[in-house]
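Since the structure comes first, as structure tokens, the remarks are kept for the end.
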Amino acid sequence: MKILVTGFNPFATDKVNPAIEIVKKLPEEIAGAEIIKLEIPTEFIKCTEITHQVILEKKPDYILSIGQAGGRFAVTPEKVAINLDDGKMPDNAGYRPLNHKIRKDGQTAYFTEFPVKAIVQAIKNAGLPSYVSTSAGTYVCNHIMYQVQYFIDKEFPNLKAGFIHIPFLPNQVINRPNSPSLSLIDDIRAITIAIKTIINYDGKKDLKIIN
Ligand code: PCA
60 MKILVTGFNP
70 FATDKVNPAI
80 EIVKKLPEEI
90 AGAEIIKLEI
100 PTEFIKCTEI
110 THQVILEKKP
120 DYILSIGQAG
130 GRFAVTPEKV
140 AINLDDGKMP
150 DNAGYRPLNH
160 KIRKDGQTAY
170 FTEFPVKAIV
180 QAIKNAGLPS
190 YVSTSAGTYV
200 CNHIMYQVQY
210 FIDKEFPNLK
220 AGFIHIPFLP
230 NQVINRPNSP
240 SLSLIDDIRA
250 ITIAIKTIIN
260 YDGKKDLKII
270 N
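Note that the working numbering has the sequence shown beginning at 60, numbered continuously upward.
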């Protein structure tokens, strides 16, 4: 099994993005699955082009995309991607779509194929904060999650994909009073657990209830 794991580069005023830092530190293999690592820019257009190209080249079974959600206190698998770009700021290329439909011929929203409740349960069992999010926002993270689901819908029916948002790193909140953070070590633990859960749930239904 091949799992493509993508992480965004830093954006806005931050000099780091925990997403790509996690991806760099993941092992080459987790529970027998090959981990393919990919850095993608925080740019609506380029991140989509690069991801599409790598799907064609590497033919992964799963894609896990990771992004930073500053202000969240927990590791949050996203359930839904919506067909809307509405940039709260320009992306790293200076592009800022507003009230913009991502794909005219795409669904209004797509659900992830990932067992999001099982992922949350496993991360919580390891003593780390996690909950299922039902909005990835309307910026570049929702965009890549939506675009990958659109590709699954139109081109790669056997591919399964999802997105996980993670909090700031401690060094990003030094000058952000009252902002939660999670260490890189805990991020890596949580994402490794998420990947193991995705592998364990291959072909199975998600949990119904999180305890
Ligand atoms: N987070 C942003 C885009 C890149 C990232 O890591 C978002 O939540 O849309």
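We treat Cβ as the ideally placed atom computed from N, Cα and C, and that holds for glycine. These numbers were taken from a predicted model, which means no experiment stands behind them.
Discussion item. Based on DSSP bridge pairs, tell me the residues matched to Phe227.
Written reply: One-based indexing of the sequence shown puts residue 227 at position 168. According to DSSP, which records beta bridges pairwise, Phe227 is partnered with Ser240.
Worksheet item: Which partner residues does Gln166 have in the DSSP bridge list?
Response: Residue 166 sits at position 107 when you count from the first residue of the sequence shown. Bridge partners of Gln166: none, in fact.
Fill in: Span of the beta strand (DSSP E), counted from its first residue to its last, around Tyr121
Numbered from 1 along the sequence shown, position 62 holds the residue referred to as residue 121. First-last of the beta strand (DSSP E) with Tyr121: Tyr121 to Gln127.
Discussion item. Our contact map puts Thr256 next to Ala181 with C-beta atoms below 8 Å; I'd like the distance itself, whole angstroms only.
Written reply: Taking the sequence shown and counting its residues from 1, one reaches residue 256 at position 197. Taking the sequence shown and counting its residues from 1, one reaches residue 181 at position 122. Sure, about 5 Å apart at Cβ, within 8 Å.
Item to complete: Would you tell me roughly how many angstroms separate the C-alpha atoms of Phe215 and Gln166, rounded to the nearest one?
Response: Locating residue 215 in the sequence shown gives position 156, where the first residue counts as 1. Locating residue 166 in the sequence shown gives position 107, where the first residue counts as 1. Each residue's alpha carbon lies about 16 Å from the other.
Discussion item. Less than 9 Å between the C-beta atoms of Ser192 and Arg131, yes or no?
Written reply: Here residue 192 refers to the residue found at position 133 of the sequence shown. Here residue 131 refers to the residue found at position 72 of the sequence shown. It is a contact, given that the beta carbons lie within the stated cut-off.
Worksheet item: Which of the three DSSP states, helix, strand or coil, is assigned to Pro136?
Response: Within the sequence shown, the letter at position 77 stands for residue 136. Three-state result, Pro136: strand.
Item to complete: Take Arg248 and list the residues in its own chain whose beta-carbon comes closer than 6 Å to its own, dropping the five residues that flank it on each side.
Response: Taking the sequence shown and counting its residues from 1, one reaches residue 248 at position 189. Correct list: empty, nothing qualifies.
Practice prompt. Look at Val207 and Ala168 and say whether their C-beta atoms are less than 9 Å apart.
Written response: On the sequence shown, position 148 is the one that residue 207 refers to. On the sequence shown, position 109 is the one that residue 168 refers to. No. Outside cutoff.
Worksheet item: Would the beta-carbon of Gln112 fall within 9 Å of that of Asn76?
Response: Counting from 1 along the sequence shown, the entry for residue 112 is found at position 53. Counting from 1 along the sequence shown, the entry for residue 76 is found at position 17. Result no, Cβ atoms of Gln112 and Asn76 do not sit closer than 9 Å.
Worksheet entry | Inter-residue spacing [alpha-carbon to alpha-carbon] between Asp164 and Asn237 | The residue labelled residue 164 in the question sits at position 105 within the sequence shown. The residue labelled residue 237 in the question sits at position 178 within the sequence shown. Rounded to whole angstroms, Asp164 to Asn237 spans 42 Å at the Cα level.
Item to complete: For ligand 1, list every residue whose C-beta falls under 7 Å from any of its heavy atoms, going in chain order.
Response: Phe67, Phe70, Asn76, Ala78, Thr101, Gly126, Gln127, Ala128, Ala195, Gly196, Tyr198, Val199, Cys200, Asn201 and His224
Fill in: Of the residues Gly91, Ile89 and Ile109, the one placed nearest Leu97, counting alpha carbons only
Counted from its first residue, the sequence shown places residue 97 at position 38. Nearest of Gly91, Ile89 and Ile109 to Leu97, Cα basis: Ile109.
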